Amino acid sequence: MTISVLRTADAWWVQKTDGATRVETDALTTADLLADRTAVVAALSQPATTSVEDLDLVSPVTVPCRVVAQMTNYASHVKDAGMNPASIPLTFFRKTSGSISGPYDEVVRPPHVRLLDYEAEIGIVIGRSMPVGTTITEDNLADFVAGLVITNDVSARDVQLPKTQFFEAKSYPTFTPTGPALLLLEADDLKRFTDLRLRLWVNGEPRQDMTVADMIYSPLEALQALSLFQRLDPGDLLLTGTPVGTALSAPPKPIEIIGSLLPPATKWRLFFRAQGKNPKYLEEGDVIEIAIATDDGALDLGRQRTEVRHG
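To convert a position in the sequence shown, counted from 1, into my numbering, add 17.
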């Protein structure tokens with residue numbers, strides 16, 4: 018059975034069909050809350066005391082924490098980038114946890130950024146310490162995957178591409194909206210992981226709509242690879258990639274070939290001139306909404322809504 022946990026600045030809550038119940042816990046961090054599962058379960062048996070709409074929700078993933086992300090992890094996204102999914106390696110990058118913001122907070126575009134992009138992603142919240150060298154199998158995977166959360170891997174493409182600098186381009190404050198709910202899982206719930214559907218809208222226009230069945234490397238494969246070099250602890254966050262539908266898209270093959278013959282400065286100038294005409298990049302006042310759930314609603318991470326503001 019899944020449990021939807023919400024967080025306000027001063028409390029943790031369990032979400033129910035008729036509202037929310039406060040969790041009686043001293044937990045200050047996500048790791049603390051995961052260690053106090055008894056209190057979370059106890060809240061389920063108590064009546065709802067407030068409506069969810071009356072709660073001023075913040076990210077259910079507290080900071081500081083480690084934020085690791087997978088890149089090019091959906092076949093549709095890889096094809097859209099002009100690459101072959103069969104030859105894509107399992108690749109990671111890091112984001113600062115200072116980029117984490119609430120599920121309804123503004124996304125603030127830095128003044129020097131012009132090409133602001135969105136990426137709907139499922140975030141995995143780690144539930145058990147994973148020192149380097151940890152053996153992770155199908156049998157113990159559920160010990161390490163405490164829950165799932167909606168994340169938006171906001172990206173400054175005009176920083177990321179010419180610099181090949183993922184860390185900077187994706188780590189500005191508010192560049193990882195997270196929540197609203199942390200969906201705590203039981204072992205059997207992971208069997209439905211590939212049924213989850215990621216949907217994203219900008220100003221009500223559908224931009225992304227794909228199930229996890231399109232994912233190239235599963236959470237098991239990702240954690241097995243990370244265990245070779247990266248320690249993870251309870252409350253840390255793993256972003257698992259995004260499907261097709263982002264603003265950034267690869268140029269047609271003939272244009273790509275011509276571009277490869279140009280000097281780098283000329284190539285990037287022409288590329289960004291063309292991208293500047295792309296109406297899909299985020300502008301001030303744009304509203305981004307993300308919903309992630311199975312089509313039957315058995316697993317439901319909620320709905321995130323953020324608005325873009327120029328810094």
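C-beta atoms are modelled at their ideal positions from N, C-alpha and C, and glycine is treated no differently.
Values in this document were obtained by computation on a predicted structure and should not be read as measured data.
Can you name the residues that DSSP bridges to residue i?
i, result
"tyrosine 91", "Met232"
"leucine 201", "Ile20 and Gly164"
"threonine 25", "Ala28"
"alanine 173", "Leu133"
"aspartate 317", "Ala310"
"threonine 193", "Ile117"
"isoleucine 305", "Val219 and Thr323"
For residue i, tell me which candidate among the options has the shortest Cα-Cα distance.
i, options, result
"arginine 320", "Thr211, Asp226 and Ala198", "Ala198"
"proline 102", "Arg248, Asp231, Leu254 and Ile307", "Asp231"
"threonine 323", "Asn220, Arg54 and Pro236", "Asn220"
"glutamine 225", "Thr19, Leu51 and Asp97", "Asp97"
"aspartate 347", "Ala204, Val84, Met100 and Asp313", "The question about residue 347 has no answer here: the residues shown for the chain are numbered 18 through 328."
"serine 104", "Leu132, Ala92, Val176 and Ser118", "Ala92"
"valine 166", "Ala308, Asp313, Val325 and Glu301", "Ala308"
"arginine 326", "Gly314, Arg216, Glu300 and Ala37", "Glu300"
"aspartate 73", "Ala264, Phe184 and Ala26", "Ala26"
"glycine 36", "Ala60, Glu185, Ala48 and Thr263", "Ala60"
"glutamate 222", "Asp303, Asp313 and Asp312", "Asp303"
"aspartate 313", "Pro296, Phe289, Thr228 and Gln177", "Thr228"
"glycine 342", "Ile305, Ile20, Leu243 and Pro296", "Absent from the model: residue 342. The displayed extent of the chain is 18 to 328, so no value can be given."
"leucine 158", "Asp206, Thr195 and Ala186", "Asp206"
"methionine 18", "Ala44, Pro179, Arg209 and Phe246", "Arg209"
"isoleucine 305", "Phe110, Phe289 and Thr195", "Thr195"
"glutamate 123", "Ala163, Pro190 and Leu178", "Pro190"
Between residue i and residue j, is the Cβ-Cβ spacing less than 8 Å?
i, j, result
"glycine 328", "valine 171", "no"
"arginine 145", "phenylalanine 161", "yes"
"proline 260", "histidine 94", "yes"
"tyrosine 135", "asparagine 90", "no"
"glycine 258", "threonine 46", "no"
"leucine 213", "leucine 107", "no"
"phenylalanine 192", "serine 116", "yes"
"valine 78", "leucine 201", "no"
"alanine 264", "tyrosine 234", "no"
"valine 80", "lysine 112", "no"
"leucine 215", "alanine 239", "no"
"glutamine 241", "isoleucine 153", "yes"
"glutamine 292", "leucine 132", "yes"
"phenylalanine 110", "phenylalanine 183", "yes"
"tryptophan 29", "alanine 44", "yes"
"alanine 186", "glutamine 177", "yes"
"leucine 217", "glycine 262", "yes"
"glutamine 329", "threonine 34", "Here the chain comprises residues numbered 18 to 328, so residue 329 is not present and cannot be evaluated."
Mind reading off the beta-carbon distance from residue i to residue j? Whole number of angstroms is fine, and I expect it under 8 Å.
i, j, result
"leucine 249", "isoleucine 143", "5 Å"
"serine 76", "proline 128", "The Cβ separation is near 25 Å, so there is no contact."
"alanine 56", "valine 69", "At roughly 19 Å, the Cβ-Cβ gap does not stay under 8 Å, so alanine 56 and valine 69 are not in contact."
"threonine 42", "leucine 51", "In fact, because the Cβ distance is near 11 Å, the residues do not count as touching under 8 Å."
**Request:** Could I get the ranges of all uninterrupted beta strand (DSSP E) runs contained in the segment 86-151, with 3 residues as the minimum, in chain order?
**Result:** 108-112, 124-126 and 137-143
**Prompt:** Counting only runs that start and end within the segment 33-79, where is the beta strand (DSSP E) found for 3 or more residues in a row?
**Reply:** 36-39
**Message:** Extract the residue ranges of the alpha helix (DSSP H) inside the segment 206-267, only unbroken runs of 4 or more that lie entirely within it.
**Reply:** 236-243
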